[in-house]
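Report on one structure; see the data block that follows.
Protein chains in written order, with the working numbering: chain C, -15 to 143; chain F, 6 to 975.
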């Protein structure tokens, strides 16, 4: 029931974010966003600090963080590529696209290339069903994926 | 007797699925053609159960609020579309509900089929017990097929080479978590109904569990995906009790199978007095299941009561009587007859040689009321003196004195349920989350509903701030300043006009109030002066006083941090003054409530265990009271009070006290100033220890009589709310006799004509002679479950709340509370103040809990010290430190924490090798001799290992525990 002390640096940067946001109603999600922005991911060491500050349990913070896939437990690559794997895209061949992309990048879902250039993630619907199969690169959506577009994407993230 | 409980079957309590509604308005509806009337707001599920129609369910249970996630409890309602969940749909007047139809059957089967498909290879009776609620529901809905397979991975295709884990598309296997010594968590069997998570939150209030991830990845997680034992989990077991599958299951049940029969009984740990079903297979307890009908605990428990019963069958238990000439000799096992004859002869010899008052007895707060009554009867009738005392001497004797003086009764004023109506809790010198965990959970629940908390404690205990609860005020006062602090609170209440004049004029003596008010209003009692003395912010004192006086129903709960001081009785009086001044007494939600430490410390006090009192707190000098017993027992009783425990020890050292019968108390470890206790015991000629184990006191004993556990006897315990609970025999006494039988045999050897055949007859004698117990009988307790004394003609089913309409003593009495600092002062040699306490997983001297797997959580006593004080002394966390006081020294390891203020150190006394009481002094309460455990001036320094005393003690203990081989004895 004892915790390893959070590394002091993460703890102090986390504390500053909490201090700024804890007055909000329902401050947990904004704090987590702030932390992800600060560190590029949500460090595990930040969670007990949040729990202590908001007077909730570590379990509760963990439950919330893991519920949202967008909160990362590791830093992402320089680019983040999200490939839609939901029903409409699947019907338009997103499985094959995924396989091809994985082989081009040499990584699987939830992995980052060794050079840190790109992280590949599945996503469940970008609201672009009419342009399936679709993807999102660094926040920009891309529709009607085909081999050519894949090559362009790979070239861009590798550059 | 107990006919209803002699049936060898499993006591099954009905699960109504959702909690009862408190509404007054009644609603009538029809369920499957049966008409049923229930309070408005009741769920259809509960109403159906009350009509005798059980609706299948998985995520609902009546200990928890409805959740509506499992979709198995669906029903049809005439005039409404769809199939609403019966757990979340409230009843309506004239509603017509159908719980069975082809459509419902098909939906339920479909839902169960999906669950089973997601229950990897576990559905089937191999993985779990085959007797879980889940298994039963699968059978109930007639599930016969599973078209989805059982590998649990068919919903989303798994890609080769993709690492499982966070964000994986598949449900990946997570190994069982066996880290908790008492239960297993097997994620593969989990259906994510959240019952465990909700039990941890709603019932226990720890919030240690969550559902991590989402969708098919959703799992129950302890802490941040930690092993249970490393997480925030306090192992209360509420989650295990709530789990409808075998995902969370007691290891004993998995290893030994489902229990076959059960007996409703009462826990033998703390003063909460939880009711349990002791569930047994063959002659072995498989699990202790909290009893929902138990009025103290309402189906909840803590790690001690639910899991730590293994001591009852521990190999260290001594099952044969033993005697020896000298304490340096090894023990010699003898027959019961020889042991008892020897004891009787020795007691008679000593009395002949040294006089009638040279022997005495100590009753146990661990034993039943009936057993305690017999020990004091043995002393008074058999020894013909009043040299009887009890361990309450060292804990709550000031409560008896203080509340007796002010209110007229020596007990708490409320029942535990009263907390549900409390608005402000004033908690003084008590650490309920560790020492009274089940009641602490109810306090925390009430706080989450909005009640406020004020804590007076030198330490920042868990309840001051933990998930979802936080005290409005924590006054971390310096140990030993209780009286000054409480008087300062009174000062604010009086000088700011926050007292309840109407109440005081009606219920108390107005002149006495005015005298008291003029005293507390003196400038030296102001928060500004006291704050300086006690090291507390005066504004906090004022804020706390205002909140208690004007925050609605104010209830005071206190513990040993109040009583175990040189001014313990004064503090209790100060507490009573506060309650009277603010009118917080005599109705639900208010009151003054000591949290009693031991299962039957209230009962042992009630039963006449004190040297000056006969049962029911009637003074021994009263001719009329003595006459009752003299005519019944046929002897003349001594009208002078006898010796208290410390007086017995002093007399022993002086050579006038030579023989002692100690039932179920380890005075050497639990009483203060160990060296003095040891000297007293060593000076006696016949020390008889009647206990489960060769405890520390037994190192100085000449006779050892094996004791019986609470599982091995019938009787009653009285908890902190004056509730008399039944203790029922679950198994035969391993040593042959229940403790009451042993005492009776000893009495018979001493020539007394005792012929009790069952403890119920002892209770009948208690009822016959004690007005406040006049209505109590085992028949009544079997019928109504439990009663709170006074139970007599005026209140035939007991008294949940006392002093309604007026105080027992007539007018409530205000008494001045002059603060007199203890003689125990800090100074250059001993600059720190030591205070002592308890921890959740261990109990008292640890004789029981140290013999269970609870040592996983607390394997040694540690010294809590503030980082500043540690740094000054060059101490690091975990270092061995030497703790020295004017009385003695010991060594233990340091735990550096900000829970204690600078200048204060803290430790527990659960482990005999630490010997915390070597350090404590022989200062004691002025009125009752209750020792001052909570304040000792000490010094702390680095150390390399055990002190000389610890080494000598160890050696002596080892020598003293030798038991001779039978051949060698002759």
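Glycine included, C-beta positions come from ideal geometry on N, C-alpha and C.
What you are looking at is a predicted structure, and each value in this text was computed from that prediction instead of being measured.
### Task
Determine the DSSP secondary structure at residue 862 of chain F, reduced to helix, strand or coil.
coil
### Query
Between residue 585 of chain F and the rest of its own chain, which residues show a CB-CB distance below 6 angstroms, the 5 nearest in sequence each way excluded?
513 and 817
### Task
Quick one: residues in its chain with C-beta nearer than 6 angstroms to the C-beta of residue 744 of chain F, no 5 flanking neighbours on either side, listed in chain order?
Excluding positions up to five away in sequence, the list reads 372, 376, 712 and 713.
### Separation of residue 440 of chain F from residue 470 of chain F, as counted between CA atoms
About 16 angstroms.
#### Entry: Member of F/793, F/530 and F/715 whose CA lies at the smallest distance from the CA of residue 314 of chain F
For the residues F/793, F/530 and F/715, the minimum Cα distance to residue 314 of chain F belongs to F/715.
### Query
In chain C, which residues lie less than 8 angstroms from residue 212 of chain F when you measure between Cβ atoms?
Those within 8 angstroms of residue 212 of chain F in chain C are 40, 41, 43 and 44.
#### Entry: Rounded Cβ spacing between residue 179 of chain F and residue 197 of chain F (contact assumed at less than 8 angstroms)
That belief does not hold up - the Cβ atoms of residue 179 of chain F and residue 197 of chain F are roughly 13 angstroms apart, past 8 angstroms.
### Query
For residue 899 of chain F, which of F/915, F/891 and F/872 has the nearest alpha-carbon?
F/872
### Query
Relative to the C-alpha of residue 814 of chain F, which residue among F/422, F/414 and F/732 is closest?
F/414
### Query
Looking at the unbroken beta strand (DSSP E) that takes in residue -4 of chain C, where does it start and where does it end?
Not the beta strand (DSSP E): residue -4 of chain C falls in the alpha helix (DSSP H), residues -8 to 5.
### Task
Select from the stretch 225 to 258 of chain F all residues with a C-beta closer than 9 angstroms to any C-beta belonging to chain C, and list them in chain order.
226, 227, 228, 229, 230, 231, 234, 235, 236, 237, 238 and 239
### Task
Identify every run of the beta strand (DSSP E) within the stretch 507 to 575 of chain F, keeping only runs that are complete inside it and at least 3 residues long; order them along the chain.
559 to 563
### Task
Enumerate, from N- to C-terminal direction, the unbroken alpha helix (DSSP H) stretches of 4 or more residues contained entirely within the stretch 49 to 111 of chain C.
With a minimum length of 4 residues, the continuous alpha helix (DSSP H) runs that stay inside the stretch 49 to 111 of chain C are 71 to 75 and 78 to 89.
### Task
Under 8 angstroms Cβ to Cβ from residue 84 of chain C, same chain only, skipping five residues before and after it: list those, please.
131 and 134
### Message
Please report whether the beta-carbon of residue 913 of chain F lies at a distance below 8 angstroms from any beta-carbon of chain C.
### Response
no
### Task
Determine, using beta carbons only, whether residue 393 of chain F and residue 685 of chain F come nearer to each other than 8 angstroms.
no
### Task
Can you tell me which of the three DSSP states residue 152 of chain F falls into?
Coil at residue 152 of chain F, not helix or strand.
### Neighbour list for residue 218 of chain F in chain C, Cβ cutoff strictly below 8 angstroms
50 and 51
### Query
Whose Cβ in chain C lies nearer than 7 angstroms to the Cβ of residue 473 of chain F?
39 and 40
### Message
Can you tell me where the beta strand (DSSP E) holding residue 394 of chain F begins and where it ends?
### Response
Run containing residue 394 of chain F: 393 to 395, per the beta strand (DSSP E) assignment.
### Message
Please state whether the Cβ-Cβ distance between residue 363 of chain F and residue 734 of chain F is less than 8 angstroms.
### Response
Result no, Cβ atoms of residue 363 of chain F and residue 734 of chain F do not sit closer than 8 angstroms.
### Query
Where does residue 14 of chain C sit, in a helix, a strand or coil, going by DSSP?
helix
### Query
residue 215 of chain F touches chain C at which residues, Cβ-Cβ below 7 angstroms?
Within chain C, the residues whose beta carbon sits less than 7 angstroms from that of residue 215 of chain F are 43, 44, 46 and 47, listed in sequence order.
### Query
How many angstroms separate the CA atom of residue 575 of chain F from the CA atom of residue 343 of chain F?
48 angstroms
#### Entry: Pairwise C-alpha distance: residue 50 of chain F and residue 56 of chain F
Separation of residue 56 of chain F and residue 50 of chain F (C-alpha to C-alpha, rounded to the nearest whole angstrom) is 10 angstroms.
### Query
Considering only the beta carbon of each residue, do residue 962 of chain F and residue 704 of chain F sit closer than 8 angstroms?
yes
### Task
Check the Cβ of residue 31 of chain C against every Cβ in chain F and list those closer than 7 angstroms, keeping chain order.
229
### Query
Is DSSP giving residue 173 of chain F helix, strand or coil here?
Its pLDDT being 39, under 50, residue 173 of chain F is placed unreliably in this model, and the value from its coordinates should be taken loosely. In this structure, DSSP gives residue 173 of chain F a state outside helix and strand, which the three-state scheme calls coil.
### Query
Nearest chain C C-beta to residue 337 of chain F closer than 8 angstroms, yes or no?
Output row for residue 337 of chain F: interface = no.
### Of the residues F/515, F/844, F/527 and F/474, the one placed nearest residue 497 of chain F, counting alpha carbons only
F/527
### Query
In chain C, which residues lie with their C-beta within 7 angstroms of the C-beta of residue 470 of chain F?
39
### Query
Nearest CA to the CA of residue 736 of chain F: which residue from F/318, F/459 and F/229?
F/318
### Query
Could you check where the beta strand (DSSP E) with residue 696 of chain F kicks off and where it finishes?
691 to 696
### Classification of residue 758 of chain F by the beta-carbon crowding that lies within 10 angstroms, buried from 16 upward
exposed
### Task
Can you grab the Cα-Cα spacing for the pair residue 168 of chain F / residue 52 of chain C, in whole Å?
Per-residue confidence for residue 168 of chain F stands at a pLDDT of 37, beneath the threshold of 50, marking its modelled position as unreliable; no derived number is given.
### Task
Identify every residue that forms a DSSP beta bridge with residue 664 of chain F.
Answer by DSSP bridge pairing, in chain order: F/364 and F/691.
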